[in-house]
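Colleague: Below: one structure in structure tokens.
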Amino acid sequence: MATERLSMRQTRQILRQKWSLGRTHREVAQSLGISCGAVGTTVLRARAAGLDWAQVDTLSDEVLQARVYGPPTPPTHHRAVPDCAYHAS
Numbered sequence: 069m070a071t072e073r074l075s076m077r078q079t080r081q082i083l084r085q086k087w088s089l090g091r092t093h094r095e096v097a098q099s100l101g102i103s104c105g106a107v108g109t110t111v112l113r114a115r116a117a118g119l120d121w122a123q124v125d126t127l128s129d130e131v132l133q134a135r136v137y138g139p140p141t142p143p144t145h146h147r148a149v150p151d152c153a154y155h156a157s
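When the letters of the sequence shown are read in order and numbered with the working numbering, they come out as residues 69 to 157.
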């Protein structure tokens, strides 16, 4: 099962604490109650998107989400539908 994506508030806090306050991954993770891996992944995604703290601070949540995580993908539910005629006979 896929893990839940961090909220934009948490994403902003991660980037603020890392880039503005200079905290370690462990310090950020402990302050937000998340894993060190989540901190590292978020920072890597933001860097790959070419962001810095000055840009993050001015972006709206929607734009930040699109830049860091990419466009949302619609859920796919490809469950096989049972053949009711076969089961009825």
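In this text, a Cβ means the ideal position worked out from N, Cα and C, and glycines have one as well.
All figures in this text were calculated on a predicted structure; none of them were measured in a lab.
Do you know how far the Cα of PRO150 is from the Cα of THR79?
Modeller: Straight-line Cα distance between these residues: approximately 42 Å.
Colleague: Is the Cβ-Cβ distance between ASP120 and MET76 less than 8 Å?
Modeller: Cβ atoms of ASP120 and MET76: not closer than 8 Å.
Colleague: Cα separation between GLY118 and LEU127?
Modeller: Cα to Cα, GLY118 sits roughly 13 Å from LEU127.
Colleague: Given this structure, state the Cα-to-Cα distance separating ARG84 from VAL96, to the nearest angstrom.
Modeller: Straight-line Cα distance between these residues: approximately 10 Å.
Colleague: In or out: THR92 buried (at least 16 other Cβ within 10 Å) or exposed?
Modeller: Per the 10 Å Cβ criterion, exposed.
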